[in-house]
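Data first, discussion second: the structure below is written as structure tokens.
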């Protein structure tokens, strides 16, 4: 098959966006855990449950080395290697009878996923600029949420036959590998590199690290929101756990819809989109925390899903705009690493804050999260004001 070279064509964009599916596939088999616990009665339940969380360790390691791998062999080869590793290790548990072998394959699976993790954003930044780049960044979120929705449903169907079959869901990675192999061209990032032969994190714009701090707190408060929402609903007797779970599940389709329109929102608000969305997210947390009915809590979740999608996508887009192409994968890796750290430390950090204020209730935690968001948004507005004032002073002196 002849490779498609028109970067504006449907198949070219589909091959890039399909790579984003990797960010959703790691946890889709979580529904198999209850059946697996029954299949391995001699193994500690915590060991069996770790099949959903264990890949994250390998993902973080692989994300850290992904920039160095792409510098050596390029984007396309790194994508194909990551897809090949994650495909084979992903389906292997369907044929393995030992829980510890399954956990080993899950680690290998995570490593393959980690190699891919930053690349959908990096490849978009390599090929596209301006409004088309912001549109593609929005579509990455849409594809991720849509894939999560579909694959989770497919796992549910396969679980009716056996938990082994649920791991066959990872055949989707083989389809992506074929699409990438035939459609996506080689990307010679070596010609774009600076005089240094190695990717140097110190070369990156200082704003990348500033945005990494923002990303850390953003995902920390978002994880807290997801963890506390069910407790809030049941604690206030607004509804039961299943109703809370259903409402939270709406964040995926909402994020999918917002992703489609993200390009238009960014074209309208530019760099103001991030602090504005952050303020709206703070309002959503306050609405949810003070809700006296399930409907109001649900409205808070809808508002939170819309604003969070805008926040996270805006950060990745901004990082790509301020980073040269040869360092884009390294910059994306920095954001993804702090994202995972923020998710990991969320329960411990918020527990510490709750102890300090003497109130660890769910609604108080959401109020604290909203304060964190408001402070960050105000810092951004103040920073933009001083930056513009400084720029005008320099222009007048020049």
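Residue numbers (my numbering): 27 to 424. Backbone N, C-alpha and C define an ideal beta-carbon position, used for all residues, glycine too. Note that the coordinates shown come from a computational prediction; the quantities given were computed from them, not determined experimentally.
Inset, instruction - Compute the Euclidean distance between the alpha carbons of residue 319 and residue 145, then round it to the nearest angstrom. - result: As a working note, residue 319 is residue 293 in the chain shown. As a working note, residue 145 is residue 119 in the chain shown. Cα-Cα distance, rounded: 42 Å.
Legend entry - Close Cβ partners of residue 264 (< 8 Å) along its chain, the five nearest in sequence each way excluded: In the chain shown, residue 264 corresponds to position 238, counting from 1. The residues are 258, 317, 318, 319, 320 and 323.
Inset, instruction - Can you give me the Cβ contacts of residue 308 inside the same chain, cut-off strictly under 6 Å, excluding the 5 residues immediately before and after it? - result: Within the chain shown, residue 308 is the residue found at index 282, counting from 1. Answer for residue 308: 396, 399 and 400, listed in chain order.
Legend entry - Nearest-angstrom Cβ-Cβ length linking residue 331 and residue 277, presumed shorter than 8 Å: On the chain shown, position 305 is the one that residue 331 refers to. On the chain shown, position 251 is the one that residue 277 refers to. Indeed, because the Cβ distance is near 4 Å, the residues count as touching under 8 Å.
Inset, instruction - Mind reading off the beta-carbon distance from residue 138 to residue 115? Whole number of angstroms is fine, and I expect it under 8 Å. - result: Along the chain shown, read from residue 1 onward, the residue named residue 138 stands at position 112. Along the chain shown, read from residue 1 onward, the residue named residue 115 stands at position 89. That pair is a contact at about 6 Å.
Inset, instruction - Could you tell me whether the Cβ atoms of residue 45 and residue 95 are closer together than 8 Å? - result: The residue labelled residue 45 in the question sits at position 19 within the chain shown. The residue labelled residue 95 in the question sits at position 69 within the chain shown. Cβ distance not < 8 Å, so residue 45 and residue 95 don't count as in contact.
Legend entry - Span of the alpha helix (DSSP H) around residue 135: Looking up residue 135 in the chain shown gives position 109. That run of the alpha helix (DSSP H) goes 125-142.
Inset, instruction - Could you tell me the distance, in whole angstroms, from the CA atom of residue 365 to the CA atom of residue 249? - result: Here the question's residue 365 lines up with position 339 in the chain shown. Here the question's residue 249 lines up with position 223 in the chain shown. Spanning the two alpha carbons is a distance of roughly 10 Å.
Legend entry - Endpoints, the alpha helix (DSSP H) within which residue 75 is located: Here residue 75 refers to the residue found at position 49 of the chain shown. Per DSSP, residue 75 belongs to the alpha helix (DSSP H) from 71-75.
Legend entry - Burial state of residue 71 (16 or more Cβ within 10 Å): Stepping through the chain shown from its first residue, residue 71 is reached at position 45. By the 10 Å Cβ count, residue 71 comes out exposed.
Inset, instruction - Please specify which runs of the alpha helix (DSSP H), each continuous and at least 4 residues long, are wholly inside the segment 218-297, giving them in chain order. - result: Unbroken alpha helix (DSSP H) runs of no fewer than 4 residues, entirely contained in the segment 218-297, are found at 232-261, 267-275 and 277-295, following chain order.
Inset, instruction - Reducing DSSP to helix, strand and coil, say where residue 53 ends up. - result: Taking the first residue of the chain shown as position 1, residue 53 is located at position 27. Under the three-state reduction of DSSP output, residue 53 falls in the coil class, being neither helix nor strand.
Legend entry - Under 8 Å between C-beta atoms of residue 67 and residue 171: Residue 67 sits at position 41 when you count from the first residue of the chain shown. Residue 171 sits at position 145 when you count from the first residue of the chain shown. No, Cβ-Cβ distance for residue 67 and residue 171 is not below 8 Å.
Legend entry - Range of the contiguous alpha helix (DSSP H) that encloses residue 213: Working through the chain shown from its first residue, we reach residue 213 at position 187. Counting along the chain, residue 213 falls outside any alpha helix (DSSP H), and DSSP gives it neither H nor E.
Inset, instruction - Report yes if the CB atom of residue 162 is closer than 8 Å to the CB atom of residue 296, and no otherwise. - result: As a position in the chain shown, residue 162 is number 136, starting the count at 1. As a position in the chain shown, residue 296 is number 270, starting the count at 1. Not a contact, by the Cβ cut-off of 8 Å.
Legend entry - C-beta atoms of residue 363 and residue 300 nearer than 8 Å: Residue mapping note: residue 363 aligns to position 337 of the chain shown, counting from 1. Residue mapping note: residue 300 aligns to position 274 of the chain shown, counting from 1. Not a contact, by the Cβ cut-off of 8 Å.
Legend entry - Those runs of the beta strand (DSSP E) which lie wholly inside the segment 59-116 and span at least 3 residues: You should have found no qualifying run.
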